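Residue numbers (my numbering), protein chains in the order written: chain A, 1 to 262; chain B, 1001 to 1325. Here's the structure, in structure tokens; my notes come after.
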Amino acid sequence: MSALPTGLPAGTWWMTHRRLSALARNPAVLVMTLAQPMIWLFLFGELFQGVAELPGFGARSYLDYIVPGVVIMNAVSLNSFAGMATMDEIERGTLNRFLVTPVRRGALVNAGVIEQALSTAFQSLVIILLGWAAGADYPGGPTGLAVLVAAAVLIGVVLAALSNTLALLVRDRNTIIGLNVMLLLPLTFLSSAFMPKDLMPSWIRHVATANPVSWALDTSRGALSATPDWPSAAMHGTWLLALTVATVALAIYSIRTYQKSQ
Amino acid sequence: MAHAIEAEGLVKNYPGDVRALDGLSITVGPGEILGLLGPNGAGKSTTVKILTTLIRPDAGTAAVAGHDVLRRPGRVRRVIGVVSQKSGADPDASGRDNLVLQGRLYGLPGARARRRAAELLARFGLEDAAGRPVKTYSGGMRRRLDVALGLVHRPRVLFLDEPTTGLDPEARASLWAEIARLAGDDDLAILLTTHYLDEADRLAGRLAIVDQGRVVVTGTPDGLKGELHGDAVHVEWRDAPPGPLVREALGRLPGIGEITLDGRRLSARTADGASAVPALLAALDQAGVPAAAATVARPSLDDVYLRYAGRRLADAEPVTAGGAR
Chain A
1 MSALPTGLPA GTWWMTHRRL SALARNPAVL VMTLAQPMIW LFLFGELFQG
51 VAELPGFGAR SYLDYIVPGV VIMNAVSLNS FAGMATMDEI ERGTLNRFLV
101 TPVRRGALVN AGVIEQALST AFQSLVIILL GWAAGADYPG GPTGLAVLVA
151 AAVLIGVVLA ALSNTLALLV RDRNTIIGLN VMLLLPLTFL SSAFMPKDLM
201 PSWIRHVATA NPVSWALDTS RGALSATPDW PSAAMHGTWL LALTVATVAL
251 AIYSIRTYQK SQ
Chain B
1001 MAHAIEAEGL VKNYPGDVRA LDGLSITVGP GEILGLLGPN GAGKSTTVKI
1051 LTTLIRPDAG TAAVAGHDVL RRPGRVRRVI GVVSQKSGAD PDASGRDNLV
1101 LQGRLYGLPG ARARRRAAEL LARFGLEDAA GRPVKTYSGG MRRRLDVALG
1151 LVHRPRVLFL DEPTTGLDPE ARASLWAEIA RLAGDDDLAI LLTTHYLDEA
1201 DRLAGRLAIV DQGRVVVTGT PDGLKGELHG DAVHVEWRDA PPGPLVREAL
1251 GRLPGIGEIT LDGRRLSART ADGASAVPAL LAALDQAGVP AAAATVARPS
1301 LDDVYLRYAG RRLADAEPVT AGGAR
């Protein structure tokens, strides 16, 4: 019995199957990691209620405003730790076990992207539902919400790809943890997650405009509002998509570099 | 197929002026087990990584089952099985799931992947544990699963990189038996790396002794030992005998050399220890210095290593074990 060449779709399917089986064996992880966004949602929702009354704020209530903020922030923080799982696989020898099989390198990266996309989408939906139960209003309807989930998935994939790249190239857990801790808050608060750009001091506004987390937020808020701003959603969505493609390509490239450096 | 593995002049440098391989060449014939013997850091794992397409050499050429590892890595991957030092099995998945997935990665359809997994679980005595997560396995069970994982697609060439490191003696013996059985399988060639002399002696049909990134000598274990100056003979007395008397008695015997007397112990070398000992004991009796005990030792691979690498294998081990390369 000689092995058949394993194509990219088949390889991607089986590597994804493996990851989703692992998730199915331990679904509690998905729920447990939701604790933090819950706290953000309800604590910030209560704490900053008054913000909605500021002139020029726009949204009807602060809760309405921060649901997309929390969804995107959750996608950022959840996925920025993807590299830790990759470290496990490197240290355990699992990555090398796959690299000596006919499985395509792209399939290994694709499987990661699909798993991160699915778990991010699942968690985003849970946050949206809980926000709705707490009284948040989504004037953009199902279309707007679908765009929000898609934007969360894209920014999540970007962060996961960067985190994996770091794991493959630096191969050090402390670096991953350190960078995450250092970057999570600035990435989130120097974006329009919790405060509309119009109300920001001008330097923060400039930073926020260039921040990919804001692109994800502008895409979703553009689609979620009662009068959707489709040009803004499309423009920011395109930037985000381009960044996603670039970072996934970087992750694939870093697998090759990893091979050269071991 | 002429050679299962053919590597010529492999060179690999690592950052920081570390020359892991310095012109290493080996060949492995179909159905042969070649043992790559050497201390940690000699370049054994680097050789395996190059031959299994994980890394590229800085110079040299290598072909596995006739496929060039640099130009046709995809072809090579389809015909090799690899059991590396780190297990790589999914600890949370069951042994069976690990095997079925591995079969899938080699393109086996579902029914065949499941049948092959069942076959291998039975063969490696893992049937009872088949459905349990791998993290509950003992070290020996895990290692047997690793070998099974390497065999799922019936490779032509199997790489075993330090397969028994860290196993208890019982688990080692059982894995040795499995590996010895593999050798009989339809033309499966095996490259085994080890720093255990007894393991190389027991399993390898042919040995390549590696030191500082190159092969210093190759041959069968017995052939290599036979090239040394015969067997070692050790004689002991209850009390230290007068040296001149002993030397005079032994000097008359043909074929005994390299005599060293140290207190009440003597060692010497002779071409055939078993036939030399009776004459030696008789000569000592006649000289009035009868021996209390005499033993004959076949030359060990450690002696071989000493001869070709210029030091004992145990001494060659780095004091602080760096990462395996």
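Using N, Cα and C, we set each Cβ at its ideal position, and we do this for glycine too. Remember, predicted model here, so these are calculated numbers, not experimental data.
(request) Examine chain A for any beta-carbon lying closer than 9 Å to the beta-carbon of Val1082 of chain B, and answer yes or no. (result) What you label residue 1082 of chain B is simply residue 82 of the second sequence in a count that begins at 1. Yes - at least one Cβ of chain A is within 9 Å of the one on Val1082 of chain B.
(request) Could you spell out the range, first to last residue, of the beta strand (DSSP E) harbouring Arg1214 of chain B? (result) On the second sequence, position 214 is the one that residue 1214 of chain B refers to. Note, Arg1214 of chain B: beta strand (DSSP E), Arg1214 to Gly1219.
(request) Name the one or two DSSP bridge partners that Lys1012 of chain B has. (result) Walking along the second sequence from the start, residue 1012 of chain B turns up at place 12. Beta-bridge pairing links Lys1012 of chain B to B:Leu1021.
(request) Could you tell me the distance, in whole angstroms, from the CA atom of Ser2 of chain A to the CA atom of Pro102 of chain A? (result) The residue given as residue 2 of chain A occupies position 2 in the first sequence. The residue given as residue 102 of chain A occupies position 102 in the first sequence. Confidence at Ser2 of chain A is low in this model, with a pLDDT of 43, below 50, so the placement of that residue is unreliable and no value is reported for it.
(request) Can you have a look at Ser202 of chain A and say buried or exposed, based on whether 16 or more other CB atoms are within 10 angstroms of its CB? (result) Taking the first sequence and counting its residues from 1, one reaches residue 202 of chain A at position 202. Under this definition Ser202 of chain A is an exposed residue.
(request) Using three-state DSSP, classify His1067 of chain B as helix, strand or coil. (result) Your numbering for residue 1067 of chain B matches position 67 in the second sequence. His1067 of chain B sits in a strand when the DSSP states are folded into three classes.
(request) Could you say which of A:Met182, A:Asp172 and A:Leu185 lies nearest to Asp88 of chain A if we only look at CA atoms? (result) As a first step, residue 88 of chain A is located in the first sequence; it is residue number 88 there, counting from the start. Comparing Cα positions, the closest option is A:Asp172.
(request) With DSSP collapsed to three states, give me the class of Ser225 of chain A. (result) For this step, residue 225 of chain A is matched to residue 225 along the first sequence. Reduced to three states, the DSSP call for Ser225 of chain A is coil.
(message) Pop quiz: Gly1088 of chain B and Arg18 of chain A are said to be a contact at Cβ under 8 Å. What is the actual Cβ separation, rounded to whole angstroms?
(response) Position 88 of the second sequence, counted from the start, is the residue given in the question as residue 1088 of chain B. Position 18 of the first sequence, counted from the start, is the residue given in the question as residue 18 of chain A. With a Cβ gap of about 13 Å, Gly1088 of chain B and Arg18 of chain A do not count as contacting.
(message) Restricting to Cα atoms, I'd like to know which of B:Val1210, B:Leu1284 and B:Phe1159 is closest to Val1083 of chain B.
(response) Residue 1083 of chain B sits at position 83 when you count from the first residue of the second sequence. When only C-alpha atoms are compared, the closest one is B:Phe1159.
(message) Could you check whether the stretch 1204-1216 of chain B touches the stretch 1024-1039 of chain B, counting it as contact only if at least three pairs of C-beta atoms, one from each stretch, sit closer than 8 Å?
(response) As far as the Cβ criterion goes, the stretch 1204-1216 of chain B touches the stretch 1024-1039 of chain B, which means the pair count is three or higher.
(request) Could you tell me if Glu1032 of chain B is buried or exposed, where buried requires 16 or more neighbouring beta carbons within 10 angstroms of its beta carbon? (result) Residue numbering aside, residue 1032 of chain B sits at position 32 when the second sequence is read from its first letter. Buried, by the Cβ-count rule.
(request) State the DSSP-derived secondary structure class of Thr1136 of chain B, mapped to helix, strand or coil. (result) Along the second sequence, read from residue 1 onward, the residue named residue 1136 of chain B stands at position 136. Three-state result, Thr1136 of chain B: helix.
(message) Looking at chain A, is there any beta carbon in it that lies within less than 9 Å of the beta carbon of Gly1088 of chain B?
(response) To locate residue 1088 of chain B, count along the second sequence from 1; it is residue 88. Yes, Gly1088 of chain B counts as interfacial toward chain A.
(request) Could you please give me the residues that DSSP links to Asp1231 of chain B through a beta bridge? (result) Residue mapping note: residue 1231 of chain B aligns to position 231 of the second sequence, counting from 1. Asp1231 of chain B pairs with B:Thr1270.
(message) Please classify Asn174 of chain A as buried or exposed, where buried requires at least 16 other C-beta atoms within 10 Å of its C-beta.
(response) Counting from 1 along the first sequence, the entry for residue 174 of chain A is found at position 174. Of the other Cβ atoms in all chains shown, fewer than 16 fall within 10 Å of the Cβ of Asn174 of chain A; this residue is therefore exposed.
(request) Specify, as a first and last residue, the run of the beta strand (DSSP E) that Val103 of chain A falls within. (result) Along the first sequence, one-based indexing puts residue 103 of chain A at 103. Val103 of chain A -> no beta strand (DSSP E), and no H or E assigned at all.
(request) Over the uninterrupted alpha helix (DSSP H) stretch that includes Phe189 of chain A, give me the two end residues. (result) The residue given as residue 189 of chain A occupies position 189 in the first sequence. Secondary structure note for Phe189 of chain A: its alpha helix (DSSP H) is the uninterrupted segment Arg173 to Phe189.
(request) Would you mind sorting Ala1255 of chain B into buried or exposed? The rule is 16 or more other CB atoms within 10 Å of its CB. (result) Position 255 of the second sequence, counting from 1, holds the residue named residue 1255 of chain B. Before going on, a small fix: residue 1255 of chain B reads as Gly here, not Ala. Answer is exposed; the Cβ neighbour count stays below 16.
(request) Taking Ile155 of chain A and Leu240 of chain A to be in contact with their CB atoms under 8 Å, please state how far apart those CB atoms are, rounded to whole angstroms. (result) What you label residue 155 of chain A is simply residue 155 of the first sequence in a count that begins at 1. What you label residue 240 of chain A is simply residue 240 of the first sequence in a count that begins at 1. With a Cβ gap of about 7 Å, Ile155 of chain A and Leu240 of chain A count as contacting.
(message) Can you tell me whether Val181 of chain A is buried or exposed? The criterion is at least 16 other CB atoms within 10 Å of its CB, across all chains shown.
(response) Residue numbering aside, residue 181 of chain A sits at position 181 when the first sequence is read from its first letter. Exposed, by the Cβ-count rule.
(message) Between the alpha carbons of Asp1168 of chain B and Glu1178 of chain B, how many angstroms are there, rounded?
(response) Residue mapping note: residue 1168 of chain B aligns to position 168 of the second sequence, counting from 1. Residue mapping note: residue 1178 of chain B aligns to position 178 of the second sequence, counting from 1. Rounded to the nearest angstrom, the two C-alpha atoms are 16 Å apart.
(message) Judging by CA-CA distance, which residue of B:Lys1135, B:Arg1019 and B:Leu1197 is the nearest neighbour of Asn1098 of chain B?
(response) Mapped onto the second sequence, residue 1098 of chain B falls at position 98. Considering only alpha carbons, the answer is B:Lys1135.
(request) Can you say whether Gln49 of chain A is buried or exposed, counting buried as having 16 or more other CB atoms within 10 angstroms of its CB? (result) Within the first sequence, the letter at position 49 stands for residue 49 of chain A. Gln49 of chain A comes out exposed.
(request) Can you grab the Cα-Cα spacing for the pair Pro68 of chain A / Val29 of chain A, in whole Å? (result) Counted from its first residue, the first sequence places residue 68 of chain A at position 68. Counted from its first residue, the first sequence places residue 29 of chain A at position 29. Spanning the two alpha carbons is a distance of roughly 22 Å.
(request) Step through the CB atoms of chain B and report whether any lies within less than 9 Å of the CB of Thr101 of chain A. (result) Residue 101 of chain A sits at position 101 when you count from the first residue of the first sequence. Interface residue, yes.
(message) Would you say Phe98 of chain A lies against chain B (beta-carbon separation less than 9 Å)?
(response) The residue labelled residue 98 of chain A in the question sits at position 98 within the first sequence. Against chain B, the CB of Phe98 of chain A has a partner CB under 9 Å away; the residue lies at that interface.
(request) Let me know the secondary structure DSSP gives Thr1236 of chain B once reduced to three states. (result) Counting from one through the second sequence, the residue named residue 1236 of chain B turns up at place 236. The displayed chain sequence assigns Glu, not Thr, to residue 1236 of chain B. Here Glu1236 of chain B carries a strand assignment [DSSP, helix/strand/coil].
(request) Specify the secondary structure class of Val1083 of chain B as computed by DSSP and reduced to three states. (result) Locating residue 1083 of chain B in the second sequence gives position 83, where the first residue counts as 1. Secondary structure of Val1083 of chain B (DSSP, three-state): strand.
(request) Could you confirm whether any beta carbon from chain B is found closer than 9 Å to the beta carbon of Thr244 of chain A? (result) Reading the first sequence from its first residue, position 244 is the one you call residue 244 of chain A. With a threshold of 9 Å between beta carbons, Thr244 of chain A makes no contact with chain B.
(request) Starting from Thr1165 of chain B, trace the alpha helix (DSSP H) both ways and give me its first and last residue. (result) By one-based count along the second sequence, residue 1165 of chain B stands at place 165. Run containing Thr1165 of chain B: none; DSSP gives neither H nor E here.
(request) State the CB to CB distance for the pair Leu1281 of chain B and Ala1249 of chain B, rounded to an integer number of angstroms; the pair is presumed to be in contact (CB under 8 Å). (result) Within the second sequence, numbered from 1, the residue matching residue 1281 of chain B stands at position 281. Within the second sequence, numbered from 1, the residue matching residue 1249 of chain B stands at position 249. About 10 Å separates the two Cβ atoms, so there is no contact after all.
(message) Helix, strand or coil, according to DSSP, for Arg1206 of chain B in the structure here?
(response) The residue you call residue 1206 of chain B lines up with position 206 of the second sequence. Here Arg1206 of chain B sits in strand by DSSP.
(request) Determine the burial state of Ala1268 of chain B: buried for a count of at least 16 other Cβ atoms within 10 Å of its Cβ, exposed for fewer. (result) As a position in the second sequence, residue 1268 of chain B is number 268, starting the count at 1. The residue is buried, with at least 16 neighbouring Cβ atoms inside 10 Å.
(request) Using beta-carbon positions only, say whether Pro1155 of chain B and Val1079 of chain B come within less than 9 Å of one another. (result) Here residue 1155 of chain B refers to the residue found at position 155 of the second sequence. Here residue 1079 of chain B refers to the residue found at position 79 of the second sequence. With contacts defined by Cβ atoms closer than 9 Å, Pro1155 of chain B and Val1079 of chain B form a contacting pair.
(request) Taking Thr1194 of chain B as part of the beta strand (DSSP E), name the residues at either end of that continuous run. (result) Taking the second sequence and counting its residues from 1, one reaches residue 1194 of chain B at position 194. From DSSP, the beta strand (DSSP E) with Thr1194 of chain B extends over Ala1189 to Thr1194.
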